Amino acid sequence: MKRLLPTLLPALLPAPLLSLALWGLWMVLNRSVDAGQALMGLVLGIAIPLLTRGLRPLPVRVRHPAAIARLALRVAADTIASNLDTLRVFLAPGLRRHPAGFAHVPLELRDPNALAVLAVIVCLTPGTAWAELSSDHSMLLLHVLELGDEAQFVALVKARYERPLMEIFE
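Sequential numbering from 4 applies to the sequence shown in our numbering.
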């Protein structure tokens, strides 16, 4: 039994923190500590990670943890600034500086986890939307609410997000 448990546990719980979070979320949403609800939360906490195992990217290998904090602060500041710019465009359309447009961003980034984080960053930032990623992951198409100089915008995305993500993940 002692030898079986270390091999059985990872197979049964491929993402233990996700399982725990799902169980806790189930308990909070049901506002109950009944044994039946706890058992149902346990079943969901085990079943959902097992069923979605193929959807998760490769395990993460973080190379420079300090870069995570710098990137998080940069994203927070950029998100606040973008919120204000987007608010200006919607409240005073006459003050729009540039028309909306699509920007083609050539990518050096290849790690699937880093690409996922880049997608989150782009989608969290008001005024930008991830439109398409080429099948070979070499080109990203972004929709930008106010796109002035495309080359300048591409350089900004590469410097502020792609390079730090490459430092963190690759």
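Glycine is no exception: its CB is placed at the ideal position from the N, C-alpha and C atoms.
The structure displayed is predicted, hence computed values, not measured ones.
| query | result |
| --- | --- |
| Assigned exposure category for Glu-165 - 16 Cβ within 10 Å defines buried | buried |
| First through last residue of the alpha helix (DSSP H) which encompasses Glu-153 | 153 to 160 |
| Residue environment, Thr-55, which counts as buried when at least 16 other CB atoms sit within 10 Å | exposed |
| Closer than 7 Å: Leu-168 CB and nearest the ligand PLP heavy atom | With respect to the ligand PLP, the structure shown offers nothing to examine, as it has no ligands at all. |
| First through last residue of the beta strand (DSSP E) which encompasses Ala-134 | 131 to 136 |
| Collapsed DSSP secondary structure at Leu-148 in the structure displayed | coil |
| Beta-ladder partner(s) of His-107, from DSSP | Leu-144 |
| Simplified DSSP assignment, three categories, for Val-78 | helix |
| The alpha helix (DSSP H) enclosing Glu-170, as first and last residue numbers | 166 to 172 |
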